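In this text, residue positions in the sequence shown follow my numbering: the first is 1, and each later residue adds one. Ideal Cβ positions, reconstructed from N, Cα and C, are used throughout, including at glycine. Quick caveat, the model's predicted, so the values are computed rather than measured.
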Amino acid sequence: MGVRPPSSGDDDEPESVEFGIAAVDARLKDAELSFPATKDDVAAELGHERVPYNVHGNDVALSEMLAEVDTEEFRSRQELLNELHGPFEEYRRNNSNGVFQQVRSMLPF
Numbered sequence: 001m002g003v004r005p006p007s008s009g010d011d012d013e014p015e016s017v018e019f020g021i022a023a024v025d026a027r028l029k030d031a032e033l034s035f036p037a038t039k040d041d042v043a044a045e046l047g048h049e050r051v052p053y054n055v056h057g058n059d060v061a062l063s064e065m066l067a068e069v070d071t072e073e074f075r076s077r078q079e080l081l082n083e084l085h086g087p088f089e090e091y092r093r094n095n096s097n098g099v100f101q102q103v104r105s106m107l108p109f
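Have a look at this one:
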């Protein structure tokens, strides 16, 4: 997931804000982790990382999200991301600050 931040009025293209599995994917690309990889391998390499779970920058430890995944070994980076998608969505839903925050999180600004 990624959302563009609001424009400041200049002509420069703003960078996108990565959160959820998009943020995990960015960290995986920079990590020295090869696949197949076990859940323990991923936790050892990236478990300490805090990953934003919404556009507002609220974050959660990747180790906490990994604990919600039943799969013990991932054949590919994409398989890991697919397994993490559900836990991130559930965490985002359960940790929002009410209806206003939920509506705000859907807006691109």
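- Within the segment 40-82, the alpha helix (DSSP H) runs of at least 4 residues that lie entirely inside it are, in chain order, 62-66.
- The shortest C-alpha to C-alpha distance from Asn-94 to any of Asn-58, Phe-74, Thr-71, Gln-78 is the one to Asn-58.
- Pairing Arg-27 with Asn-54 gives a Cβ-Cβ distance that is not under 7 Å.
- Take Glu-72, set aside five residues on each side of it, and the residues of its chain with a beta-carbon closer than 7 Å to its own are Thr-38, Lys-39, in chain order.
- Distance from Val-42 to Leu-81 at the Cβ level is roughly 11 Å; contact not present, criterion being Cβ atoms closer than 8 Å.
- A direct Cα-to-Cα measurement between Ala-61 and Ser-76 gives close to 21 Å.
- Between Glu-45 and Glu-32, the beta carbon gap of about 7 Å places them in contact (Cβ cut-off 8 Å).
- In the displayed model, Glu-32 falls within coil according to three-state DSSP, outside both helix and strand.
- From the listed residues Gly-86, Gln-78, Asp-70, Asp-25, the smallest Cα separation to Arg-50 is found for Asp-25.
- Our two residues, Gly-86 and Asp-30, have alpha carbons roughly 23 Å apart in a direct line.
- For the options Gln-78, Phe-88, Glu-64, Ile-21, the alpha carbon positioned closest to that of His-48 is the one of Glu-64.
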